[in-house]
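Encoded as structure tokens, the structure appears first; notes follow it.
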Amino acid sequence: MRLQVAFSTNWAEATGDLLIDDAITAYSDPPLPTAEAAGIMTCSPSLGTTNAERFFFLAITSARDRIHIASAYFAPTRDMRWLLTPLL
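Note that the numbering used here has the sequence shown beginning at 19, numbered continuously upward.
What follows is the structure, encoded as structure tokens:
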């Protein structure tokens, strides 16, 4: 459900159209017993530090052993590269 909310919010922001009724697919399948925990974070392009950048900094500095970042939009800034380089 959170993924649909995130998509609908960004859709409305980009197009000005609200997704209502038949435009939204109801999701009622229960999670699989072997499902992994995941988080959904939404943000829109903006000037300055974004919520996504703050989230990545927090995730990287909080990691104890390793971190897996799966995002098509992960483009590390100079500061983030400085943070990651010693960990390689």
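The beta-carbon is built from N, C-alpha and C at its ideal position, and this holds for glycine as well.
DSSP three-state assignment for F92, whether helix, strand or coil: coil
Close Cβ partners of L76 (< 8 Å) along its chain, the five nearest in sequence each way excluded: Cβ neighbours of L76 beyond the five flanking positions: none.
Spatially closest choice to M98 from T79, T33, D39 and D35, by CA coordinates: T79
Endpoints, the alpha helix (DSSP H) within which A56 is located: It is not in any alpha helix (DSSP H) - A56 carries neither H nor E in the DSSP assignment.
Counted within 10 angstroms of its Cβ, other Cβ atoms place F74 as buried (16 or more) or exposed: buried
Nonlocal neighbours in the same chain, by C-beta distance under 7 Å from T95, ignoring five residues either side: E71
Distance CB(N28)-CB(T67) smaller than 8 Å: No.
Residue from A81, S89 and D47 whose Cα sits closest to the Cα of L105: A81
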